[in-house]
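Input: a single structure, listed below in structure tokens.
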Amino acid sequence: MSTFALLLCKFSPVSPTQICQVLSAITGWEMAPDDLLAAGDRSMNIKRAISNKLGLSREHDKVPDICLKPLDEGNTAGKVPDMDLLLKEYYDFRGWDWDL
Numbered sequence: 025m026s027t028f029a030l031l032l033c034k035f036s037p038v039s040p041t042q043i044c045q046v047l048s049a050i051t052g053w054e055m056a057p058d059d060l061l062a063a064g065d066r067s068m069n070i071k072r073a074i075s076n077k078l079g080l081s082r083e084h085d086k087v088p089d090i091c092l093k094p095l096d097e098g099n100t101a102g103k104v105p106d107m108d109l110l111l112k113e114y115y116d117f118r119g120w121d122w123d124l
């Protein structure tokens, strides 16, 4: 499930198991970590479907320009990520249509 939907920080060290325990204590719903992750997956797919319906496509999937600047030092110095390749891999992982 989306951490945003649960009002949790993305960088919180809380595990899916702990989130399930809290949800169960609050709501009485028994949920396994796999159920929680499946709900998050559905949430992402619904968000994507709504975006597609509103006319948004992969052309609108952009990262901030600062992410495309090569670093001056370190193992990746001077290199820029191939965002088309990474985005294609993400779409494949999600099972989304690359041509929408």
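Numbering follows the numbering used here, with no gaps: position 55 of the sequence shown is 79.
Built from N, CA and C at the ideal position, the CB exists for glycine as well.
Remember, predicted model here, so these are calculated numbers, not experimental data.
Just tell me which of the options has its CA closest to the CA of residue i.
i    : options                 : result
D58  : Q45, I70, T51 and L95   : Q45
M107 : A101, A29, W120 and K93 : K93
V87  : P105, N99 and K71       : P105
Could you pull the DSSP bridge partners for residue i from this structure?
i    : result
A101 : L95
CB residue i to CB residue j, shorter than 7 Å?
i    : j    : result
E61  : M55  : Correcting the residue identity first, residue 61 is Leu in this sequence and not Glu. Contact: no.
N69  : L124 : no
L111 : D89  : no
Taking the runs of the beta strand (DSSP E) that are 3 residues or longer, which of them lie wholly in the stretch 54–83? none
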